[in-house]
Amino acid sequence: MTGRTRRVEGTMIVQRRAVTAVLAVATLLMTAGCSSDDGGSPGGGESTAPGSTASGASPTRQAADDAPPAKGSVKVLRTVAEGLETPWGLAPLPDGDLLVSSRDEATLTRVDGETGKKTEVGEVPGVSPAGEGGLMGLALSPDYASDHMVYAYFTSASDNRIVRMLYDEQKPSGAQLGAPDTIFRGIPKGFVHNGGRIAFGPDKMLYAGTGESGDTGLSQDKESPGGKILRLTPEGEPAPGNPFPDSPVYSYGHRNVQGLAWDTKQRLFASEFGQDTWDELNAIKPGDNYGWPQAEGRSDDAAFHNPIAQWGTDDASPSGIAYAEGSIWMAGLKGQRLWRIPLKGTEASADPQAFLEGEYGRLRTVVSAGGGKLWLMTSETDGRGSPEGGDDRILEVQVS
Numbered sequence: 004m005t006g007r008t009r010r011v012e013g014t015m016i017v018q019r020r021a022v023t024a025v026l027a028v029a030t031l032l033m034t035a036g037c038s039s040d041d042g043g044s045p046g047g048g049e050s051t052a053p054g055s056t057a058s059g060a061s062p063t064r065q066a067a068d069d070a071p072p073a074k075g076s077v078k079v080l081r082t083v084a085e086g087l088e089t090p091w092g093l094a095p096l097p098d099g100d101l102l103v104s105s106r107d108e109a110t111l112t113r114v115d116g117e118t119g120k121k122t123e124v125g126e127v128p129g130v131s132p133a134g135e136g137g138l139m140g141l142a143l144s145p146d147y148a149s150d151h152m153v154y155a156y157f158t159s160a161s162d163n164r165i166v167r168m169l170y171d172e173q174k175p176s177g178a179q180l181g182a183p184d185t186i187f188r189g190i191p192k193g194f195v196h197n198g199g200r201i202a203f204g205p206d207k208m209l210y211a212g213t214g215e216s217g218d219t220g221l222s223q224d225k226e227s228p229g230g231k232i233l234r235l236t237p238e239g240e241p242a243p244g245n246p247f248p249d250s251p252v253y254s255y256g257h258r259n260v261q262g263l264a265w266d267t268k269q270r271l272f273a274s275e276f277g278q279d280t281w282d283e284l285n286a287i288k289p290g291d292n293y294g295w296p297q298a299e300g301r302s303d304d305a306a307f308h309n310p311i312a313q314w315g316t317d318d319a320s321p322s323g324i325a326y327a328e329g330s331i332w333m334a335g336l337k338g339q340r341l342w343r344i345p346l347k348g349t350e351a352s353a354d355p356q357a358f359l360e361g362e363y364g365r366l367r368t369v370v371s372a373g374g375g376k377l378w379l380m381t382s383e384t385d386g387r388g389s390p391e392g393g394d395d396r397i398l399e400v401q402v403s
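Oh and the sequence shown: position 16 is 19 in our numbering, straight run, nothing missing.
The structure is reproduced here in structure tokens:
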């Protein structure tokens with residue numbers, strides 16, 4: 004072996020050792036960065052959609068957990084549409100138009116996002132409206148561009164259920180919906196507490212917020228879909244990675260879940276009606292118990308996951324929620340206001356702030372419109388409002 008060969012070989016050995024050392028340090032840093040503090044305590048930790056990675060949800064990992072300013076702002080830009088009857092679900096379409104469900108009419112209406120023109124899409128058969136039940140939450144398939152499927156949560160004569168329907172825009176107005184395909188049935192129904200919010204998560208699984216239909220014992224019964232957040236495949240089967248084997252139940256101990264939203268790190272939040280004392284905003288962790296009926300609002304019992312914010316029922320009676328500009332935005336029905344809850348991780352980083360108090364009546368649904376904007380829909384014609392002219396509207400709102 005020549006001297007030159009020995010020198011080259013020696014250099015290569017040094018380089019390999021250096022690379023090995025760098026890789027070891029990188030591995031150690033990655034391990035530290037990916038460690039989670041959610042192990043064990045039902046009252047804390049981050050909630051990330053199963054099958055997804057939190058770090059992939061935002062281009063800047065650190066920025067995603069930077070708290071927004073303690074105080075925000077809301078500006079109503081315009082009224083998009085008026086004259087809606089018992090609107091409940093709202094699903095933005097890819098072209099900027101909006102699909103709206105009428106709880107009591109059991110119809111879907113398409114609203115032009117620019118002009119506000121309303122076109123009836125069709126009536127959903129099998130809906131049996133009564134009390135708080137009827138045609139409620141809407142969600143578009145994750146593959147809507149190719150399959151044109153619309154999902155809906157509604158009350159039938161026997162239960163609450165989730166269906167999917169083909170939406171064919173080429174057919175005449177009023178006849179654009181295909182026959183409903185029931186993908187999940189057997190959610191308890193009642194005159195009150197029917198839940199109703201559905202949404203596809205970042206993992207392309209379908210999440211549904213249900214109520215206990217007035218039977219408080221159902222919330223703690225993991226065999227019942229009542230008083231739960233459910234996580235399903237698009238076909239309605241228990242989703243892979245759910246916390247309980249072969250079960251659709253994702254979290255339990257809820258009274259009446261009304262809003263679902265994810266932040267940029269794929270963490271799920273949910274709004275919930277209390278009874279007489281506390282309404283809640285919760286950070287949802289798979290398999291956790293949120294306390295109802297043993298706990299309403301915050302509790303000293305470590306078995307229950309505490310809310311990140313709570314309100315007296317006169318100030319909130321929360322419905323839909325959306326995530327925008329580092330905060331959860333929560334529509335209030337009885338409270339008749341839009342709440343801003345700034346976040347740092349899965350905690351509120353400052354006190355909730357109220358906007359539009361009493362200006363537009365009961366607020367039912369709020370959906371992110373991108374660019375710091377929201378779609379906000381009122382609920383004055385649901386039998387508990389005091390509508391002027393007997394209609395409801397959709398607003399476009401700028402928030403910060």
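Beta carbons are placed, not taken as given, at the ideal position from N, Cα and C, and that holds for glycine.
Short Cβ contact (8 angstroms threshold) for residue i with residue j
i      : j      : result
Arg200 : Asp162 : no
Leu101 : Ile397 : yes
Leu341 : Trp332 : yes
Ile190 : Thr219 : no
Asp279 : Trp314 : no
Ser322 : Leu284 : no
Ala211 : Tyr156 : yes
Gly250 : Gly229 : It should be pointed out that residue 250 corresponds to Ser in this sequence rather than to Gly. Not closer than 8 angstroms, so no.
Gly116 : Val153 : no
Leu180 : Val103 : no
Arg258 : Phe276 : yes
Asp385 : Thr89  : yes
Gly375 : Val402 : yes
Leu379 : Ala334 : yes
Gly81  : Glu399 : Residue identity check: residue 81 is Arg in the sequence provided, not Gly. For Arg81 and Glu399, yes; Cβs fall inside 8 angstroms.
Asp68  : Gly290 : no
Phe358 : Ile324 : no
Pro183 : Val127 : yes
Gly329 : Ala70  : yes
Asp98  : Pro132 : no
Extent of the continuous beta strand (DSSP E) to which residue i belongs
i      : result
Ala372 : 366-373
Tyr255 : 252-255
Met168 : 163-169
Glu172 : Neither: Glu172 is in no beta strand (DSSP E) and is coded neither H nor E.
Asp282 : 281-286
Thr400 : The identity of residue 400 in the sequence shown is Val, whereas the question assumes Thr. Its beta strand (DSSP E) spans residues 395-402.
Arg340 : Segment: none, Arg340 is in no beta strand (DSSP E) and carries neither H nor E.
Tyr210 : 209-212
Val77  : 77-87
Phe194 : Careful: Phe194 lies outside any beta strand (DSSP E) and carries neither H nor E.
Glu275 : 271-275
Arg106 : Unbroken run through Arg106: none, as it is neither H nor E.
Inter-residue Cα distance where the pair is residue i and residue j
i      : j      : result
Asp150 : Tyr326 : 27 angstroms
Gly92  : Tyr255 : 23 angstroms
Ala353 : Asp266 : 17 angstroms
Gly262 : Ile344 : 14 angstroms
Asp303 : Tyr293 : 12 angstroms
Gly129 : Val166 : 10 angstroms
Leu31  : Pro145 : Caution applies to Leu31, whose pLDDT of 34 falls short of 50 and renders its modelled position unreliable; the value that the coordinates give is listed next. Answer to the nearest angstrom: the Cα atoms are 36 angstroms apart.
Ala160 : Ala312 : 36 angstroms
Ala109 : Tyr253 : 28 angstroms
Asp41  : Trp295 : Summary for Asp41: the model assigns pLDDT 34, below 50, so the residue's position carries little reliability; its value from the coordinates is reported in the next sentence. Each residue's Cα considered, the two are about 22 angstroms apart.
Leu141 : Ala305 : 35 angstroms
Ala264 : Ala202 : 8 angstroms
Gly86  : Asp394 : 5 angstroms
Phe194 : Tyr363 : 26 angstroms
Leu336 : Gly198 : 14 angstroms
Pro45  : His308 : Because the pLDDT of Pro45 is 36, which lies under 50, any placement of that residue in the model is unreliable, and the number read from its coordinates should be weighed accordingly. Those two C-alpha atoms are separated by around 5 angstroms.
Arg113 : Ala298 : 41 angstroms
Gly338 : Gly388 : 11 angstroms
Thr368 : Asp171 : 25 angstroms
Pro310 : Gln173 : 46 angstroms
Ser274 : Val260 : 6 angstroms
Asp318 : Leu96  : 32 angstroms
Lys207 : Thr185 : 18 angstroms
Lys121 : His196 : 30 angstroms
Ser55  : Lys288 : With a pLDDT of 41 at Ser55, under the threshold of 50, the predicted position of this residue should be treated as unreliable, and no value is reported.
Ser227 : Leu221 : 6 angstroms
N- and C-terminal bounds of the alpha helix (DSSP H) containing residue i
i      : result
Asp150 : 147-150
Short CB-CB distance (under 8 angstroms) between residue i and chain D
i      : result
Phe358 : Structure shown: chain D not included; a single protein chain is present.
- Query: Pairing CB atoms from the region 132-146 with CB atoms from the region 70-87, are three or more of them under 8 angstroms?
  - Reply: no
- Does the region 225-236 come close enough to the region 244-254 that 3 or more CB-CB pairs lie under 8 angstroms? yes
- Task: Run through the region 292-326 for me and flag every whole beta strand (DSSP E) of 3 or more residues, listed as ranges in chain order.
- Result: You should have 312-315.
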